[in-house]
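Residue numbers for the sequence shown follow this note's numbering, so the first one is 489 and each next one is one higher.
Contents: one structure, followed by commentary.
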Amino acid sequence: MREGVVGGGTLPLTLPWGARAPAQKALRWRSVKLTSARQWWCFSEMKYIKCFISEIPWNYSWYYSAMSLVESQSEDRQSEEQVRYLQANSRELNSTFGYPNNTIKTSRYSVFNFLPLNLFEQFQRLANAYFLILLFLQLIPQISSLAWYTTVIPLMVVLSITAVKDAIDDVKRHQNDNHVNNRSVLVVMNGRIKEDKWMNIQVGDIIKLKNNQPVTADVLLLSSSEPYGLTYIETAELDGETNLKVKQSISVTSNLEDNLGLLSSFDGPDTKLMQNCGKSTFKRTHMDHLLNVLVLWIFLFLGGMCFILAIGHGIWENKKGYYFQDFLPWEEYVSSSVVSAILTFWSYFIILNTMVPISLYVSVEIIRLGNSCYINWDRKMYYAPKNTPAQARTTTLNEELGQVKYVFSDKTGTLTQNIMIFNKCSINGIIYGYGYDKNGQRVEVSEETEKVDFSYNKLADPKFSFYDNTLVEAMKKGDHWVHLFFLSLSLCHTVMSEEKVEGKLVYQAQSPDEGALVTAARNFGFVFRSRTSETIMVVEMGETKVYQLLAILDFSNVRKRMSVIVRTPEDRVMLFCKGADTILCQLLHPSCRSLRDVTMEHLDDFAFEGLRTLMVAYREVDNAFYQAWSKKHSEACLSLENREDKISDVYREMEKDLMLLGATAIEDKLQDGVPETITTLNKAKIKIWVLTGDKQETAVNIAYACNIFEEEMDGIFIVEGKNDETVRQELRLARKKMKPESLLESDPVNTYLNTKPQMPFRIPEEVPNGNYGLIINGYSLAYALEGNLELELLRTVCMCKGVICCRMTPLQKAQVVELMKRYKEVVTLAIGDGANDVSMIKAAHIGVGITGQEGMQAMLNSDYAISQFCYLQRLLLVHGRWSYNRMCKFLSYFFYKNFAFTLMHFWYAFFSGFSAQTVYDTWFITFYNLVYTSLPVLSLSLFDQDVNETWSLRFPELYDPGQHNLYFNKKEFVKCLVRGIYSSFVLFFIPMKTIHNSVHSDGKEISDYQSFSLLVQTALLCVVTVQIALDTTYWTLISHIFTWGSLGFYFCILFLLYSDGLCLMFPNVFQFLGVARNTLNLPQMWLIIILSVVLCILPVIGYRFLKPLFWPADVDKIMNRIHLWTRHPLLPPTQTKLRHTRPRRSAYAFSHKQGFGALITSGKTMKDKVFKKNSFSFKK
């Protein structure tokens, strides 16, 4: 690539002039890399526009208006026009229209709004809002039963930790924005070219780009240093595609002096990329939403308890307290028992606030941070070739990774490497490409297999690898058919060649397929050297030959083939054609029947290996026939009516009676481990959908290679309707085959939908009668996403095992994800590598970006970043499942221990005159959640594993409970509440009844308040410690230290706080003088503690023992197998290579859109100096 000039946009002219496209439907490309043009000039900020130029003075100041039409998805909608006026290179005039500058902003906060905005987001958590209200209540002395700082300090710690984490994340976004905004660019200002920053580019600026320079706005290409006004764009950062896109300048500006030419027309937030990226939203997990609901439940439960206790207080004061005022006088502000009851209500509201302690959210943040660090530290997700580890870019979604049901994946750069390799070929009935040993026996190609030596060819590509020497020997022997085969590949293409250094060729191809074929021909001795609009230079086995290019019969998705007509140096007119075997077989001469049959068998063999195939044929054309045909061709090209049809008819006249040469097989190289990963995820009941902008044939081929589609499927449906009624019929026919009863009125889902439930409502899962796949293109999807069809679409695709959506716009990708989120109670994950995947990544519950050479846009907008798709199974099945299990265990245990702790106050109220007195020592209340029970639950939540990573990957079925949220839900919460009520009842009444009227051996009573308080809190701590020991399945040294060490630390602190020294020094603070020493030396006290522990834990042990025996779940059965195999290890299963059971071929894509053969042969905009330069090189 050479240089180019741009005018400040992102990617110019993604559609032909005058074409219409929806403003939100196609990607406005940012950070596109210019890859071929010495100078490339353009205006910044081009949308899909129609350009009207009134004058072109040489000071580059002209007016034009850009008109973009919002394309309707339905015929009933009317188009809306938006006219944009600007004057090129006139900032003063353009500023009057209020166009935004080119500064991009992906960050959420600024220095000024961080504090209020972050606090607003944090107080959306009901618990935070609850503690804020609680703080205000504690400031009222009449009802405050606890000091205000007991709530302020924990709340500030929680808000600060979360704020710091959010600030660090946003600083990284600011750094990325600054990096992009401060890139330098050459811009025309006051008649001179000056260097400026991209963020200062404005609408109407004329800018100049050089080779390999990113384009950071939407631009209109004015001129280029390349012939024909062409420029080659690499869009890897946007869509992961490394093949080049060709753009051509408009003819009226293509010959500007000094090759000046790019006009900025859409900048900053108006660019297609920024419009399609979607808003940065604060993602919260399903667990967060559930916690909000549970906090509301707890709040209502707490209010109910406080109401009961307040009524009890009122009754007690009315019947007893009123007459007891000589000993317990009422406060001055208490005028009656009703007023006292109201005040007591709020006092109990403060005392019982530990039903939802603030430490819950501190612990949740710590657990999430720890599990995020495990992801960052996982060396098995470290990709050494690129030196990129996995990254948890957010710490709030870890447990969501263990609940994913649907994965929406991009194709190019995500599933594939987008690297095409010439793997095998069949020439004149002989197959080439297999590896052979020294004895001539066919062997599997591996890294140890000896490669073909191409040292005889000085122009060979050193990166090209081939393993069959017989093909090289045939070339050297001068095999006529082999030479003709590779001559065809070296001529029949639209590749552009660049030779900066003598003998160092660089090919610029519209698709990697074409590049692979031309490179193969180059290595075997037929080197495509250069081309003009009329000639092609090929070096044939060291001899340079120039072929006259007569015509290019370009590729289209309908024709599925392309041809070139050349005149050889021997003055013979030859046609060379390559294309899909399904098409070329119909165009062959009858004499090729036997060769065709042999070649078709070879194609079947290639298809078994998942290779992309095409046929190659030729025809020698009579000169007189060509002359007559050329006139017809010219007339068809100049026709004003039905031009495309007439050109196709003329092409068919030429492309017939072809002689078959052979076939090629190209490997569309998948990323390592992709098929195995998808197979594993399918076993975990995770459905994979591929959302791609590629054409259908390419996407389906990859789907088979990745095991998304399987040959054993009961059926694959194709939805390609051109209107809403056709799409509806196709969807219903598919649903009729998968589940016929789903079309009946009596179907439960139909019955539910007929009731017209209010939004939001959820559609239940429907089970099909087999395994099916579905393919739908973007055009049909536009109708299917309409309001009256979206439920039909959703019900149909959700019954399919695999879904391929092709030819999609970035917005449609996000719409599909949003549709799933709107009607299904599932967790979605989107994974991609390009900027056109950003909207999908942001829309999904979890966004995963692929890092690597394809760009950073997806990664920078993702929640998690990995380098290879195969790491996704480890991210979900290991880290995700562990995180989910740990979080569920944590929440269950946390709620249980706090219910048991708090509800003791409720029972004690009936024995304390409902006086809002606490049952525990104040220091125990302070340290219970902060010290005594914090470390054990953290060790459980950070280190626990039900099974190790090996078993997690070997049995993906263990992932199922997370998808249905079986381990912590509303039902499990109620169980925790019931257990907490039961434990609190036992822990209060067992000590109460056992020490009632009890005495020491010396006759002194031991049933005092302080002894009872110590006994109850010690029994409680022993019970919750044994409970967490039962919950722990993976013991480490840290687990033992944290669990048993916390209990031991309690006794150490107990004797310290109740020691004579502290109590005598601070009698108002430490009031339990000698209680620990006097109480814990009594054997009956330890007996009471042991009895309480046994009665609390015995039901739990019984339930856990009986449940797997009488009500086993699928996970229980798998765990039994794992335990059995752990005791009796089995040999690891042998890996077998999956093969297709029947032939399936896919012709490769010549390009993703209409080829540009017409541009090559036209020569209309070719610059004289370039033409002369190229002509000189040919003469030389």
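Cβ atoms here follow ideal geometry from the backbone N, Cα and C, with glycine treated the same way.
In this structure, the beta-carbon distance from Y836 to L797 falls below 8 Å. With respect to the 8 Å criterion, V1207 and S1268 are classified as neighbours on the basis of their beta carbons. Taking a cut-off of 8 Å for Cβ pairs, the stretch 876–890 and the stretch 1361–1368 touch, as three or more such pairs fall below it. Where N1265 is concerned, the enclosing beta strand (DSSP E) starts and stops at 1260–1265. Straight through space, the alpha carbons of N911 and M1088 are spaced by roughly 17 Å. DSSP places C1125 in the uninterrupted alpha helix (DSSP H) bounded by 1111–1126. For the 8 Å CB-CB criterion, S851 and L1426 form a contact. Straight-line spacing of the CA atoms in A872 and E1437 works out to 21 Å.
Here DSSP, grouped into helix, strand and coil, assigns E1028 to strand. At a cut-off of 3 residues, the continuous stretches assigned as beta strand (DSSP E) that sit fully inside the stretch 1239–1314 are 1260–1265, 1290–1294. Of the other Cβ atoms in all chains shown, 16 or more fall within 10 Å of the Cβ of Y1372; this residue is therefore buried.
Considering only P1596, I1024, L1273, the residue with the shortest C-alpha distance to T982 is I1024.
Counting only unbroken stretches of 4 or more residues, the alpha helix (DSSP H) elements lying wholly within the stretch 1439–1507 are 1448–1451, 1458–1482, in sequence order. Non-local beta-carbon contacts of S953 in its own chain, meaning distances under 7 Å to residues more than five positions away in sequence, involve K939 in chain order. DSSP, read as helix, strand or coil, puts D1092 in helix.
Along the stretch 822–885, the alpha helix (DSSP H) occurs as fully enclosed runs of 4 or more residues at 825–839, 847–865, listed in sequence order. Contact between V1407 and S1501 holds, since their C-beta atoms are separated by about 6 Å, short of 8 Å. Bridge partners of F1398 according to DSSP: none are assigned. A residue is called buried once 16 or more other Cβ atoms fall within 10 Å of its Cβ, and Q1159 is buried on that count.
Within the stretch 653–729, complete beta strand (DSSP E) segments of at least 3 residues are found at 672–677, 680–685, 694–697, 706–712, 718–722, given in chain order.
Only residues of its own chain outside the window of five on either side were considered, and among them W1395 have a CB closer than 8 Å to the CB of F1477, listed in chain order.
The Cβ neighbour count for Y1416, taken over all protein chains shown within 10 Å, is at least 16; the residue is labelled buried. Residue burial is scored here from C-beta neighbours: H1333 has at least 16 other C-beta atoms within 10 angstroms and is therefore classed as buried. A distance below 8 Å separates the beta carbons of G1468 and Y1384. In the same chain as M1392, and ignoring 5 residues on each side of it, the C-beta atoms closer than 8 Å to its own belong to V1407, Y1408, S1472, L1475, F1476, V1504, L1508, in chain order. Here the alpha carbon of R1049 sits roughly 15 Å from the alpha carbon of M1147. Per the Cβ contact rule, the stretch 675–689 is in contact with the stretch 581–600 (3 or more Cβ pairs under 8 Å).
Separation of T1020 and M984 (C-alpha to C-alpha, rounded to the nearest whole angstrom) is 9 Å. For Q1159, there is no enclosing alpha helix (DSSP H), as DSSP marks it with neither H nor E.
Under the DSSP assignment, R1019 falls outside any alpha helix (DSSP H), being part of the beta strand (DSSP E) whose first and last residues are 1014–1019.
When secondary structure is reduced to three states using DSSP, R1140 falls in the helix class. Judged by DSSP in its simplified three-state form, L1149 adopts strand. DSSP places N1436 in no alpha helix (DSSP H); its state is neither H nor E. For the pair V783 and N616, the Cα-to-Cα distance works out to about 10 Å.
In this structure, V1512 lies near T1421, with their beta-carbon atoms less than 8 Å apart. With contacts defined by Cβ atoms closer than 8 Å, L1317 and V895 form a contacting pair.
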